Amino acid sequence: GTACIFRSWKGLMTLLKAFSLIEDKHDMVLFFIGDGPMRPLLQKEVLNMRLKDKVYFTGFLDNPLPAIASLDVFCLLST
1 GTACIFRSWK GLMTLLKAFS LIEDKHDMVL FFIGDGPMRP LLQKEVLNMR
51 LKDKVYFTGF LDNPLPAIAS LDVFCLLST
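Counting in my numbering, the sequence shown runs from 1 upward without gaps.
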């Protein structure tokens with residue numbers, strides 16, 4: 001998963017597309033921790049890719065550290 005303000009330059013669509021390439025080969029889910037202007041576009045793409053049961057959005061969290069700590073893999077994104 002990842003945690004950030006969802007902005008176009010963060011590479012969130014790239015993460016989602018990469019996840020879509022491997023999700024069917026592994027028992028995994030993807031968490032987007034945070035919120036921002038890109039959220040509606042990401043959610044639409046999740047539906048288009050038929051990943052709604054594998055991709056989760058937490059929304060804004062006052063303290064995201066426990067959610068981040070629960071991830072097996074954290075992606076620090078930027079383009």
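Even glycine gets a Cβ: it sits at the ideal position worked out from N, Cα and C. It should be emphasised that the depicted structure is a prediction, and the values quoted were computed from it without experimental measurement.
| query | Cβ atoms of I33 and I5: under 8 angstroms apart, would you say? | reply | In the sequence shown, residue 5 corresponds to position 5, counting from 1. In the sequence shown, residue 33 corresponds to position 33, counting from 1. No.
| request: Would you mind sorting M28 into buried or exposed? The rule is 16 or more other CB atoms within 10 Å of its CB. | output: Counting from 1 along the sequence shown, the entry for residue 28 is found at position 28. Residue environment analysis places M28 among the exposed positions, since fewer than 16 neighbouring C-beta atoms fall within 10 angstroms of its C-beta.
| message | Using a Cβ-Cβ cutoff of less than 6 angstroms, which residues in the same chain neighbour I55 once the five nearest sequence positions on both sides are dropped? | response | Counting from 1 along the sequence shown, the entry for residue 55 is found at position 55. For the record, residue 55 in the displayed sequence is Val; it is not Ile. Within the same chain, V55 has close Cβ partners L30 and V46.
| task | Between the Cα of R50 and those of L12, K10 and L21, spot the shortest distance and give me the residue it belongs to. | result | For the purposes of this step, residue 50 is identified with residue 50 of the sequence shown, where counting begins at 1. It is L21 whose Cα lies nearest to the Cα of R50.
| task | Please report the residue range of the beta strand (DSSP E) in which V55 lies. | result | Walking along the sequence shown from the start, residue 55 turns up at place 55. Start and end: V55 to G59.
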